[in-house]
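Here the structure is laid out as structure tokens; the discussion comes afterwards.
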Ligand code: IVH
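Numbering (this note's numbering), first residue to last: 19 to 695.
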């Protein structure tokens, strides 16, 4: 039986329309950050498409949104290992004009050389089989790599299809491979590290590491959010167009592949050196990291006759730019205290020019880092800015201070800001100040985090204003924000009526910020924006989360033992409890108000009051259940109340009123039975 005849025209059109709509919604959501569909609408449409595709396998399409990005949301599947069609080799390196000349001398005379930028990311091999992007394989060990197709599909510039006409070798399906580099642009890298710093997650040392970590994620939605990019620099396959490397890349560009504009054909060592000198400076203006130049023999036949060594092609060589390095005096080591109390030692340097910027400070990470380098205040130290955006101290250039005059450096034992005894958590490199509610930089840091754009987004309350209000004794915790009065703000220097109105409007608006962001804002250690969203989905209210057990928490994606412990101890802390109670009192959204899916209309038209405490579910969960079954949860008993969901210790007032009005009480068990059956 021909399956194709089973599908009617209408369903085929519906599949096509859904694919188009979901693809566009994905793009708007992940790439432009402008969601057009609610999560529920998106999920419903995705489910409908999955059902239709399931029922009509002949309509299967690897490019369908059910096969990538959205469909992989939250799932953890291991990558498939794939054997490369052609081994993925590396390049021989050179570091000087002499070495380049040596290499050129071994080539046939008058050979054309293509100069390209050497992108500093991860190599990727894209397979187009019969014109479709079917695999995206990492370098792996050069012979076998991981298929990270779902993640690669989040890169908008990579075409999902390629022309297949003209390529098939008789009897074989067409195969085209493009190799290139996957990169995380500087701007995305900086943004990502800033987020990680705020969330006290380890920073990526450079964009390459960040790209590598990103490509290995099991969550394409997060990959899409981070914003990878790609440049392709090598074409492989049968019956390829053109006789030169340059022609092939130009053809690939015409087909819509992302090819760098910086490719040049050179005819002499002078031209090559000019290219190198030009880009050694100009590369600093590029949006992505580069670490050198690649020189390739242009003519494919010459490439083939030159062949390969075991590890590298003889027809190409890399020239690596020297890392930028300077030495300067380490004036002093000072200490910075983060919002969660982590103490970071900082190198204060004599100002020095490096990669176009003046460097005066560099992180010294932690105690172990300083000991390993063996540096002391007063020493002349090396500062480097290689692939890293943050300058690094790499060692001692000269010990300026005489051995016997050296003051033995020791990490402080008390907090330089508040004097509290520092603690070092076992297994962690960092020292921490435990005085969470009394240490000024921690208090101010927590408030700054709370009001920040991705948290409560309170306009007008910047670092300076927070400082000012803190000094005046008006802000001592995040809860104090909601007690600020207009006159308190308006009488501050540099602030007036207008600023006060602006700040108060921001504070008022923050009361509408949804629960997931409130959860991020309250600053539980290691609970970042994404983790907070995942937690809020499972625990849709403050009440539910504050009672969660470790077992319940660790099953949430992204929540390990450490985060679960942090959550539990956060809620056990009395001063946190007080702050949360005040925030709740102030009217913040402590319950998720996202629309929950409707499960049935069993309680349609019914007004239900919840009263007392329950054994099986929290009150929030019962509220969600009532709404999911089309009922209405109301706060007080009236003649319109259908019944009271009555737990233990039901309020005496409510009981009296219910009796007077003849309103039935329904037990927890009976209620569950009703909604289940
Ligand atoms: S050609 C057989 N071209 O550098 C030749 N590689 O150190 C294959 N790379 O693994 C490589 N930019 O990941 C080539 N324009 C470029 C490149 C480039 C960056 C990377 C590539 C390779 C590594 C070798």
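Ideal placement from N, C-alpha and C gives every residue a C-beta, glycine not left out.
| Item | Value |
| --- | --- |
| If you compare alpha carbons, which of 145, 559, 205, 543 is closest to residue 180? | 145 |
| Do residue 450 and residue 360 have their beta-carbon atoms positioned less than 7 Å apart in this structure? | yes |
| Under the three-state reduction of DSSP, which class applies to residue 479: helix, strand or coil? | coil |
| Can you give me the start and stop residues for the beta strand (DSSP E) that residue 165 sits inside? | 162-165 |
| For residue 278, tell me which candidate among 369, 69, 248 has the shortest Cα-Cα distance. | 248 |
| Could you tell me if residue 305 is buried or exposed, where buried requires 16 or more neighbouring beta carbons within 10 angstroms of its beta carbon? | exposed |
| Take the Cβ of residue 337 as the centre, count every other Cβ of all protein chains shown within 10 Å, and call the residue buried at 16 or more, exposed below. | buried |
| For residue 446, count neighbouring C-beta atoms within 10 Å of its own C-beta (all shown protein chains included) and say buried if the count is 16 or more, exposed if not. | exposed |
| Starting from residue 549, follow the beta strand (DSSP E) in both directions and report where the run begins and ends. | Here residue 549 belongs to no beta strand (DSSP E); instead the alpha helix (DSSP H) covers 547-556. |
| My guess is that residue 432 and residue 438 are in contact by the Cβ rule of under 8 Å, so how many angstroms apart are they, rounded? | 7 Å |
| Of the residues 694, 457, 79, 467, which one's Cα is nearest the Cα of residue 215? | 467 |
| Does at least one heavy atom of the ligand IVH sit under 6 Å from the Cβ of residue 103? | no |
| Pick from 232, 507, 329: whose alpha carbon is nearest that of residue 105? | 329 |
| Using C-beta distances below 8 Å, list every residue in its chain close to residue 380, excluding the 5 sequence neighbours before and after it, in chain order. | 364, 365, 367, 401, 408, 409, 410, 411 |
| At the level of alpha carbons, what is the spacing between residue 41 and residue 415? | 55 Å |
| May I ask you to report which of helix, strand or coil DSSP gives residue 27? | helix |
| Pull up the distance between the alpha-carbon of residue 442 and that of residue 448, whole angstroms please. | 6 Å |
| Go through its chain and collect everything with a Cβ distance to residue 429's Cβ below 7 Å, but skip five positions before and after it. | 385, 449 |
| Could you tell me which whole alpha helix (DSSP H) segments of length 4 or greater appear in the segment 192-271? | 204-216, 225-233, 238-244 |
| Is DSSP giving residue 51 helix, strand or coil here? | The predicted model places residue 51 with a pLDDT of 35, which falls under 50 and marks its position as unreliable, so this point remains unresolved. |
| What distance in whole Å lies between the Cβ atoms of residue 314 and residue 263, which are believed to be in contact at a cut-off of 8 Å? | 6 Å |
| Three-state secondary structure (DSSP) at residue 594? | helix |
| Mind checking whether residue 311 and residue 294 have CB atoms under 7 Å apart? | yes |
| Less than 7 Å between the C-beta atoms of residue 572 and residue 620, yes or no? | no |
| Assuming residue 201 and residue 244 are in contact, meaning their beta carbons sit under 8 Å apart, how far apart are those beta carbons, in whole angstroms? | Not confirmed; about 11 Å, so no contact. |
| Looking only at its chain, what residues have a beta carbon closer than 6 Å to the beta carbon of residue 417, apart from the 5 residues adjacent to it on each side? | 397 |
| Tell me the rounded alpha-carbon separation between residue 224 and residue 257. | 39 Å |
| According to DSSP, is residue 90 part of a helix, a strand, or is it coil? | Summary for residue 90: the model assigns pLDDT 29, below 50, so the residue's position carries little reliability; its value from the coordinates is reported in the next sentence. Residue state, collapsed to three classes: helix. |
| According to the Cβ coordinates, are residue 464 and residue 524 closer than 7 Å? | no |
| With distance defined between alpha-carbon atoms, name the residue in 344, 500, 426, 514 nearest to residue 413. | 344 |
| Of the residues 462, 211, 339, which one's Cα is nearest the Cα of residue 482? | 462 |
| For residue 459, count neighbouring C-beta atoms within 10 Å of its own C-beta (all shown protein chains included) and say buried if the count is 16 or more, exposed if not. | buried |
| From the DSSP output, in three-state form, read off residue 449 for me. | strand |
| Kindly confirm or deny that the segment 285-292 and the segment 108-124 touch, where touching means at least three C-beta pairs closer than 8 Å. | yes |
| Starting from residue 390, follow the alpha helix (DSSP H) in both directions and report where the run begins and ends. | 385-391 |
| Using only alpha-carbon positions, find the residue among 316, 474, 66, 174 that is nearest to residue 133. | 316 |
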